[in-house]
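The next block holds one structure in the form of structure tokens; read it before the comments.
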Amino acid sequence: MKNEMPKLPYPQNGLEPVISAETIEYHYGKHLQTYVTNLANLTKGSADESKDVEEIVRTAPDGGIFNNAGQVLNHTLYFLQFTAPKADNAPTGKLKELIIRDFGSVEEMKTQFENAAVTLFGSGWAWLSLNKDGKLQITKESNAGNPLRQGNKPLLCFDVWEHAYYIDYRNRRAEHVKKLWDIIDWNVIEQRL
Ligand code: MN
Numbered sequence: 001m002k003n004e005m006p007k008l009p010y011p012q013n014g015l016e017p018v019i020s021a022e023t024i025e026y027h028y029g030k031h032l033q034t035y036v037t038n039l040a041n042l043t044k045g046s047a048d049e050s051k052d053v054e055e056i057v058r059t060a061p062d063g064g065i066f067n068n069a070g071q072v073l074n075h076t077l078y079f080l081q082f083t084a085p086k087a088d089n090a091p092t093g094k095l096k097e098l099i100i101r102d103f104g105s106v107e108e109m110k111t112q113f114e115n116a117a118v119t120l121f122g123s124g125w126a127w128l129s130l131n132k133d134g135k136l137q138i139t140k141e142s143n144a145g146n147p148l149r150q151g152n153k154p155l156l157c158f159d160v161w162e163h164a165y166y167i168d169y170r171n172r173r174a175e176h177v178k179k180l181w182d183i184i185d186w187n188v189i190e191q192r193l
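Residue numbering for the sequence shown follows this note's numbering, beginning at 1 and increasing consecutively.
This is the structure we're talking about:
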């Protein structure tokens, strides 16, 4: 992935009422844009300038370049995994099989994922990823963390930085997290396997 703004596959109000147009305006339009701009400025004229964002996330030392590259990658995966809200939204196919194999049921995976998102202290991300042994796992990453850093394949992420939900949900992180299941595009998640 190059360091650039992803094109959203839905209109700015297309995720309402789960995520408002105003949150997209700020979270996508300002926060993500700032990370893209910062990364471009920090890598300008260096060897990092031509690297994929994933490579920077895998290899950069802790610090400003890693933080901004992590946030570009995390937010790109985040915004591209959503679609218009629908009832009975659920994974299918190979992804559903793997979830049942590794968690027992889709409901159990969602419960564990919500728990990770709600109990993450401070700012960060909850992740579903495929680990090096081919097993699905749920992890919490603080700040700009991404499972790629440990050699795992990122599939699904919930942003629990307050900027992700404060306009719409104020301090009610748990309520926000629960509503996000309605807008996950499970086909996109399955394609990331
Ligand atoms: Mn964010």
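By construction, the Cβ of each residue, glycine as well, lies at the ideal position given by its N, Cα and C atoms.
- In the three-state reduction of the DSSP assignment, ASP159 falls in the strand class.
- Proximity to GLY70 across ASP185, GLU162, GLY134, LEU32 peaks at LEU32, based on C-alpha coordinates.
- The Cβ-Cβ distance between ASP159 and TRP125 falls below 9 Å.
- In this structure, the C-beta of GLN71 approaches ligand 1 to less than 8 Å from one of its heavy atoms.
- Remark: the C-beta of TRP161 is in contact range of ligand 1, defined as less than 8 Å to any heavy atom.
- According to the DSSP assignment, LYS94 belongs to no beta strand (DSSP E) but to the alpha helix (DSSP H) extending over 93-103.
- Contact between the region 8-23 and the region 150-170 is present: three or more C-beta pairs spanning the two stretches fall below 8 Å.
- Taking C-alpha positions only, LEU42 is separated from GLU49 by approximately 9 Å.
- Scanning its chain for C-beta atoms nearer than 7 Å, with the 5 sequence neighbours on each side dropped, one finds around TYR28 the residues LEU8, PHE79, in chain order.
- As DSSP reads the structure, PRO17 sits in no beta bridge.
- The C-alpha of LEU120 lies about 11 Å from the C-alpha of TRP127.
- Two segments are said to touch when three or more pairs of C-beta atoms, one from each, lie closer than 8 Å; by this definition the region 138-151 touches the region 54-63.
- For PHE103, the CB contacts under 6 Å within the same chain, skipping 5 residues up- and downstream, are MET109 in chain order.
- Residue LEU77 holds the alpha-carbon nearest to the alpha-carbon of ILE184 among LEU77, PRO61, ASN67, VAL53.
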